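The structure appears right after this line, and notes come after that.
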Amino acid sequence: MQLNKKVYIRRMMPLLLLGLITCLGTLFGAVGASAAPTTNTIQDSTHGVTNSFATSAVTQDVYAHRPTIYLAGDSTVQSYRESQRPQAGWGQMIGRYLDDSIVVSNHAIGGRSSRSFIEQGRLDTIIGQLQPGDYLMIQFGHNDADRKPERYTPVGDYRNYLKVYIHGARSKGATPILVTPVSRRDYNPNGQFNASFPEYVEAMKQVAAETQTPLLDLSARSVAYYNAVGIAGTTSIFLHVQPGVYPYFPNGVVDNTHFQEYGAVQIAGLVAAGLRELNLPLSGHLLETARQ
33 MQLNKKVYIR RMMPLLLLGL ITCLGTLFGA VGASAAPTTN TIQDSTHGVT
83 NSFATSAVTQ DVYAHRPTIY LAGDSTVQSY RESQRPQAGW GQMIGRYLDD
133 SIVVSNHAIG GRSSRSFIEQ GRLDTIIGQL QPGDYLMIQF GHNDADRKPE
183 RYTPVGDYRN YLKVYIHGAR SKGATPILVT PVSRRDYNPN GQFNASFPEY
233 VEAMKQVAAE TQTPLLDLSA RSVAYYNAVG IAGTTSIFLH VQPGVYPYFP
283 NGVVDNTHFQ EYGAVQIAGL VAAGLRELNL PLSGHLLETA RQ
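Residues in the sequence shown are numbered from 33 upward in steps of one, following the numbering used here.
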C-alpha cells in the first residue's frame, strides 16, 4: 500500500504543478505594467548568450524589455565556462544566429530531466522572469531516459511534465517551443545514424499536437546532418579530443553525446533554421549565418 501511495503521488505531481504554475502566473502578472523582475547574469561576451550563473534580481521598465528566449534543457544545451573548453552546448551558441534585438537566457544544466528540472525549482525561476512576448524553448529526453532514480521519467510522466512547461509559459504571455532531443552519435552497421530516445521524441510530438505548441524537430534535423557529414565527419562535432590539447581534458576524451565548440555552432544552426521555419515573430530576427 505504501508503494501505491508513492506511485499515486508521483502521478499526481504534474497536475499539482500545473495549479502551482497558474498561481505563480497570476501572482507575477499582478506586479504592474511599469516594472518586472529580471536577473543580472554573467554574459558570454563573444556570443551574446546569458548562461545559468545568475546573480541578484533587479527591476526594469517593461517597455524597455527586449524579447528573451529562455532555454530549459540538459547538458547538450547548457553554456560552459571558458575553463571547460572545448565543450559547449547549442544554447551557448544560438545567440550567434540572432540579431541584437533578441536576448538569450540559458537555464539549461547537465543531468536534469523534465521532472528534476521542475523539482529543483528551475522552471519556477524562469516563470518568475518571463514577460509577454518572450519565448521558452524546452529540450529534454536524454536524462528522462536515464534509469538513475534522480533523473528517470517514464514516457507518460514526461508528457505531463512537458505540459507544465507549456502552461507556465502561456500563463505569462510567453510562447513555448518544444524541441525534440538532439540525437547522439549512434549509428547502425550500415553507417546510418539512429534517432536517440525515439519514444520520448514521439511523446513530445504528440504533446505538441495536443496542445498546439510549436515543435522544432531537432532529433530529425540532427540525424539528417550527421548522415550528411558521415561517421568520420561527426568526430569534429562531438567531444572527441586528443590528450594534451585542452587543460580540462588532459587525457583526452571520446564523448558521443556532448559537443565541442564547432559542433555546438552547427547544432545551433539547425535550431536557427528550425525557428525560421516556424514563422513566429522571432523568425524575422534570425540570421542566415553565424556571427563570430
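Every residue gets a Cβ at the ideal spot worked out from N, C-alpha and C, and that includes glycine.
Every value quoted in this text rests on a predicted model; they were computed, and no experiment measured them.
A Cβ-Cβ contact shorter than 8 Å links Ala296 with Ala120. In the structure shown, Phe149 falls within a helical segment according to DSSP collapsed to helix, strand and coil.
Ala260 carries a helical assignment under DSSP once its states are collapsed to helix, strand and coil. Runs of the beta strand (DSSP E) lying entirely within the stretch 275 to 307, each at least 3 residues long, are 285 to 292 in chain order.
Going by DSSP, Ile209 is part of the beta strand (DSSP E) stretching over 207 to 211. With fewer than 16 other Cβ atoms from the protein chains shown falling within 10 Å of its own Cβ, Asp131 counts as exposed. Between the stretch 148 to 155 and the stretch 298 to 315, the count of Cβ pairs shorter than 8 Å is below three; the stretches do not touch.
In this chain, the beta strand (DSSP E) harbouring Ser137 covers 135 to 138. In the assembly as shown, Leu319 is an exposed residue. Its beta-carbon has fewer than 16 other beta-carbons within 10 Å.
Distances from the CA of Pro99 to each of Tyr257, Pro279, Gly205, Arg191 were compared; the closest alpha carbon is that of Gly205. Close CB contacts of Arg253 within its chain, under the 7 Å cut and outside five residues either way in sequence, are with Leu302, Gly306 (chain order). Taken through DSSP and simplified to helix, strand or coil, Gln161 comes out as helix.
According to DSSP, residue pairing for Val273 in a beta bridge involves Val285. Burial check for Thr207: the Cβ neighbour count within 10 Å reaches 16 or more, so the residue is buried. Per DSSP, the unbroken beta strand (DSSP E) holding Ile101 starts and ends at 100 to 104. The Cβ atoms of Leu250 and Thr289 do not sit closer than 8 Å to each other. Ranked by how close their Cα comes to the Cα of Thr266, the residues Val187, Asp287, Leu247 have Asp287 in first place.
Counting along the chain, Tyr197 sits inside the alpha helix (DSSP H) bounded by residues 187 to 203. His174 places its beta carbon less than 8 Å from that of Thr108. Excluding sequence positions up to five before and after His317, its CB lies within less than 7 Å of the CB of Leu130, Asp131, Ser133, Ile134, all in the same chain and listed in chain order. The beta carbon of Tyr190 is closer than 7 Å to those of Ser146, Asp176, Tyr232, Ala235 in its chain, skipping five residues each way along the sequence.
Put simply, the backbone Cα of Glu151 is about 21 Å away from that of Val239. In terms of Cα proximity to Pro246, the closest of Ser148, Pro181, Tyr197 is Tyr197. With contacts defined by Cβ atoms closer than 8 Å, Trp122 and Ala300 form a contacting pair. Straight through space, the alpha carbons of Ser148 and Ile141 are spaced by roughly 11 Å.
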